[in-house]
Amino acid sequence: MRVLKDRIHSEGHNLGGGILKVDGFINHQVDPALMEACGRELAARFAEVDATKVLTAEISGIAPAVMTAKHLGLPVVYARKHKPVTMPDQVFLTLAPSHTKGRTVELIVSPEFLRDGERVLIIDDFLASGQTILGLARLASVAGATVVGIGTLVEKTFEGGREVLSELNVPVESLAAISDMSDGKIVFAD
721 MRVLKDRIHS EGHNLGGGIL KVDGFINHQV DPALMEACGR ELAARFAEVD ATKVLTAEIS
781 GIAPAVMTAK HLGLPVVYAR KHKPVTMPDQ VFLTLAPSHT KGRTVELIVS PEFLRDGERV
841 LIIDDFLASG QTILGLARLA SVAGATVVGI GTLVEKTFEG GREVLSELNV PVESLAAISD
901 MSDGKIVFAD
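With positions in the sequence shown counted from 1, the corresponding number in our numbering is that position plus 720.
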(Lines of atoms letter the chains of each structure in order from A and count residues from 1; the text may use other names and numbers.)
(Lines give C-alpha, C1' and ligand atoms only; values in the text may rest on other atoms or scores of the structure.)
Protein backbone atom coordinates (compact mmCIF):
# COMPACT_ATOMS: atom_id res chain seq x y z
CA MET A 1 0.00 0.00 0.00
CA ARG A 2 1.80 3.03 -1.31
CA VAL A 3 0.52 5.62 1.19
CA LEU A 4 1.65 3.50 4.16
CA LYS A 5 5.05 2.76 2.62
CA ASP A 6 5.54 6.47 1.88
CA ARG A 7 4.83 7.34 5.53
CA ILE A 8 7.23 4.66 6.75
CA HIS A 9 9.93 6.01 4.43
CA SER A 10 9.38 9.65 5.39
CA GLU A 11 8.62 9.32 9.13
CA GLY A 12 9.65 5.83 10.24
CA HIS A 13 12.93 5.26 12.02
CA ASN A 14 15.04 2.13 12.10
CA LEU A 15 16.23 1.94 15.71
CA GLY A 16 18.35 -1.16 15.12
CA GLY A 17 17.74 -4.67 16.37
CA GLY A 18 14.73 -5.02 14.08
CA ILE A 19 12.80 -2.21 15.81
CA LEU A 20 10.88 0.11 13.50
CA LYS A 21 9.67 3.30 15.17
CA VAL A 22 6.37 4.40 13.65
CA ASP A 23 4.83 5.91 16.74
CA GLY A 24 4.29 9.30 15.08
CA PHE A 25 1.51 7.93 12.88
CA ILE A 26 0.60 4.33 13.83
CA ASN A 27 1.08 3.33 17.43
CA HIS A 28 1.39 6.30 19.77
CA GLN A 29 0.11 9.24 17.80
CA VAL A 30 -2.37 7.83 15.28
CA ASP A 31 -3.16 9.37 11.89
CA PRO A 32 -6.91 8.71 11.48
CA ALA A 33 -6.87 9.30 7.72
CA LEU A 34 -4.06 6.77 7.29
CA MET A 35 -5.85 4.25 9.53
CA GLU A 36 -9.05 4.79 7.53
CA ALA A 37 -7.22 4.01 4.28
CA CYS A 38 -5.50 0.97 5.81
CA GLY A 39 -8.77 -0.30 7.28
CA ARG A 40 -10.52 0.08 3.94
CA GLU A 41 -7.74 -1.87 2.19
CA LEU A 42 -7.67 -4.67 4.77
CA ALA A 43 -11.47 -4.93 4.68
CA ALA A 44 -11.35 -5.28 0.90
CA ARG A 45 -8.73 -8.02 1.14
CA PHE A 46 -10.82 -9.98 3.66
CA ALA A 47 -14.31 -9.27 2.33
CA GLU A 48 -14.83 -12.91 1.30
CA VAL A 49 -13.78 -14.69 4.54
CA ASP A 50 -17.18 -14.14 6.21
CA ALA A 51 -15.73 -12.97 9.53
CA THR A 52 -18.14 -12.24 12.36
CA LYS A 53 -15.66 -10.45 14.61
CA VAL A 54 -12.29 -8.68 14.48
CA LEU A 55 -9.75 -9.56 17.18
CA THR A 56 -6.60 -7.62 18.04
CA ALA A 57 -4.16 -6.96 20.88
CA GLU A 58 -4.09 -3.93 23.14
CA ILE A 59 -3.04 -1.20 22.31
CA SER A 60 -1.34 -0.70 18.95
CA GLY A 61 -3.65 -3.05 17.07
CA ILE A 62 -6.80 -1.22 18.06
CA ALA A 63 -6.71 1.60 15.48
CA PRO A 64 -6.26 -0.61 12.39
CA ALA A 65 -8.68 -3.19 13.80
CA VAL A 66 -11.41 -0.62 14.41
CA MET A 67 -11.06 0.85 10.94
CA THR A 68 -11.06 -2.59 9.31
CA ALA A 69 -14.11 -3.61 11.32
CA LYS A 70 -15.87 -0.36 10.40
CA HIS A 71 -15.57 -1.22 6.71
CA LEU A 72 -16.68 -4.82 7.32
CA GLY A 73 -19.56 -3.83 9.62
CA LEU A 74 -18.21 -5.97 12.48
CA PRO A 75 -17.46 -5.51 16.18
CA VAL A 76 -13.89 -5.45 17.49
CA VAL A 77 -12.60 -7.27 20.55
CA TYR A 78 -9.15 -6.48 21.82
CA ALA A 79 -7.12 -8.71 24.09
CA ARG A 80 -6.24 -6.78 27.21
CA LYS A 81 -2.83 -6.96 28.86
CA HIS A 82 -4.21 -6.46 32.36
CA LYS A 83 -7.46 -7.83 33.74
CA PRO A 84 -9.79 -5.01 34.83
CA VAL A 85 -12.15 -5.47 37.79
CA THR A 86 -15.09 -5.32 35.38
CA MET A 87 -14.01 -8.54 33.65
CA PRO A 88 -15.45 -11.84 34.93
CA ASP A 89 -13.28 -14.16 37.03
CA GLN A 90 -13.18 -16.79 34.28
CA VAL A 91 -11.32 -15.41 31.25
CA PHE A 92 -9.43 -16.63 28.22
CA LEU A 93 -5.73 -15.95 28.85
CA THR A 94 -2.52 -16.73 27.03
CA LEU A 95 1.07 -15.48 27.13
CA ALA A 96 3.03 -14.05 24.22
CA PRO A 97 6.58 -12.71 24.03
CA SER A 98 6.82 -9.03 23.06
CA HIS A 99 9.92 -8.00 21.10
CA THR A 100 9.42 -4.28 21.66
CA LYS A 101 8.63 -4.66 25.36
CA GLY A 102 11.41 -7.19 25.91
CA ARG A 103 9.22 -9.45 28.03
CA THR A 104 6.25 -11.81 27.94
CA VAL A 105 2.82 -10.19 28.07
CA GLU A 106 -0.58 -11.57 28.99
CA LEU A 107 -3.40 -11.45 26.45
CA ILE A 108 -6.80 -11.63 28.12
CA VAL A 109 -10.29 -11.74 26.59
CA SER A 110 -13.62 -12.03 28.34
CA PRO A 111 -15.77 -15.00 27.28
CA GLU A 112 -18.62 -12.49 26.98
CA PHE A 113 -17.09 -11.16 23.78
CA LEU A 114 -15.41 -14.14 22.12
CA ARG A 115 -17.73 -17.10 21.67
CA ASP A 116 -18.02 -20.57 20.26
CA GLY A 117 -18.75 -20.63 16.53
CA GLU A 118 -17.52 -17.12 15.73
CA ARG A 119 -15.35 -16.50 12.66
CA VAL A 120 -12.48 -14.28 13.73
CA LEU A 121 -10.35 -11.98 11.61
CA ILE A 122 -7.14 -11.03 13.45
CA ILE A 123 -5.82 -7.54 12.68
CA ASP A 124 -2.64 -6.11 14.21
CA ASP A 125 -0.15 -3.35 13.55
CA PHE A 126 2.90 -5.61 13.05
CA LEU A 127 3.72 -9.13 11.97
CA ALA A 128 7.27 -9.87 13.09
CA SER A 129 7.89 -13.17 14.89
CA GLY A 130 4.18 -14.01 14.77
CA GLN A 131 4.01 -14.78 18.49
CA THR A 132 1.40 -12.16 19.42
CA ILE A 133 -0.83 -13.23 16.55
CA LEU A 134 -0.39 -16.89 17.52
CA GLY A 135 -1.45 -15.89 21.03
CA LEU A 136 -4.60 -14.26 19.64
CA ALA A 137 -5.28 -17.40 17.59
CA ARG A 138 -4.94 -19.50 20.77
CA LEU A 139 -7.51 -17.28 22.49
CA ALA A 140 -9.91 -17.74 19.57
CA SER A 141 -9.39 -21.49 19.61
CA VAL A 142 -9.99 -21.80 23.36
CA ALA A 143 -13.23 -19.84 22.90
CA GLY A 144 -14.34 -22.27 20.19
CA ALA A 145 -13.99 -19.63 17.46
CA THR A 146 -12.32 -20.13 14.10
CA VAL A 147 -9.61 -17.81 12.78
CA VAL A 148 -10.46 -17.00 9.14
CA GLY A 149 -7.70 -14.51 8.29
CA ILE A 150 -4.82 -12.38 9.57
CA GLY A 151 -4.08 -8.83 8.46
CA THR A 152 -1.33 -6.46 9.51
CA LEU A 153 -0.14 -3.02 8.59
CA VAL A 154 3.58 -3.84 8.57
CA GLU A 155 5.31 -7.19 8.16
CA LYS A 156 9.00 -7.68 8.90
CA THR A 157 9.56 -10.66 6.60
CA PHE A 158 13.08 -11.27 7.92
CA GLU A 159 11.68 -12.28 11.34
CA GLY A 160 9.82 -15.33 9.97
CA GLY A 161 6.39 -14.66 11.41
CA ARG A 162 4.50 -15.58 8.24
CA GLU A 163 6.09 -19.04 8.30
CA VAL A 164 5.11 -19.47 11.97
CA LEU A 165 1.51 -18.56 11.12
CA SER A 166 1.36 -21.03 8.22
CA GLU A 167 0.21 -23.71 10.69
CA LEU A 168 -3.09 -21.78 11.01
CA ASN A 169 -3.81 -22.37 7.30
CA VAL A 170 -5.56 -19.01 6.78
CA PRO A 171 -4.88 -16.07 4.45
CA VAL A 172 -2.26 -13.64 5.77
CA GLU A 173 -2.12 -10.12 4.32
CA SER A 174 0.22 -7.24 5.12
CA LEU A 175 0.04 -3.74 3.67
CA ALA A 176 3.78 -3.03 3.82
CA ALA A 177 6.32 -5.86 3.89
CA ILE A 178 9.85 -4.95 4.97
CA SER A 179 12.57 -7.37 3.91
CA ASP A 180 15.66 -5.71 5.36
CA MET A 181 16.44 -3.39 8.25
CA SER A 182 20.21 -3.97 8.45
CA ASP A 183 22.63 -1.05 8.52
CA GLY A 184 19.86 1.44 9.35
CA LYS A 185 17.94 0.70 6.14
CA ILE A 186 14.23 0.16 5.61
CA VAL A 187 13.85 -1.95 2.47
CA PHE A 188 10.42 -3.05 1.26
CA ALA A 189 9.95 -6.57 -0.08
CA ASP A 190 8.02 -5.50 -3.17
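Beta carbons: idealized from backbone N, C-alpha and C, even for Gly.
DSSP-derived helix/strand/coil call for residue i
i: residue 899; result: strand
i: residue 790; result: helix
i: residue 745; result: coil
i: residue 894; result: strand
i: residue 728; result: helix
i: residue 805; result: coil
Interface flag, residue i vs chain D, CB-CB below 9 angstroms
i: residue 772; result: The question asks about chain D, but that chain is absent: this structure has only one protein chain.
Beta-carbon contacts of residue i that lie in its chain and below 6 angstroms, excluding the five residues immediately before and after
i: residue 730; result: none
i: residue 791; result: 759, 760, 763
i: residue 769; result: 868, 869
Span of the alpha helix (DSSP H), counted from its first residue to its last, around residue i
i: residue 765; result: 752-765
Cβ shell of residue i (< 8 angstroms), same chain only, five flanking positions each side left out
i: residue 862; result: 812, 814
i: residue 732; result: 740, 741, 742, 906
i: residue 880; result: 849, 850
Beta-carbon proximity list for residue i, same chain, < 7 angstroms, skipping 5 on both sides
i: residue 800; result: 778, 828
i: residue 744; result: 731
N-terminal and C-terminal residue of the beta strand (DSSP E) that residue i is part of
i: residue 852; result: No beta strand (DSSP E) contains residue 852, which is instead part of the alpha helix (DSSP H) from 851-863.
i: residue 883; result: Residue 883 -> not in any beta strand (DSSP E); alpha helix (DSSP H) instead, spanning 881-885.
i: residue 734; result: 733-736
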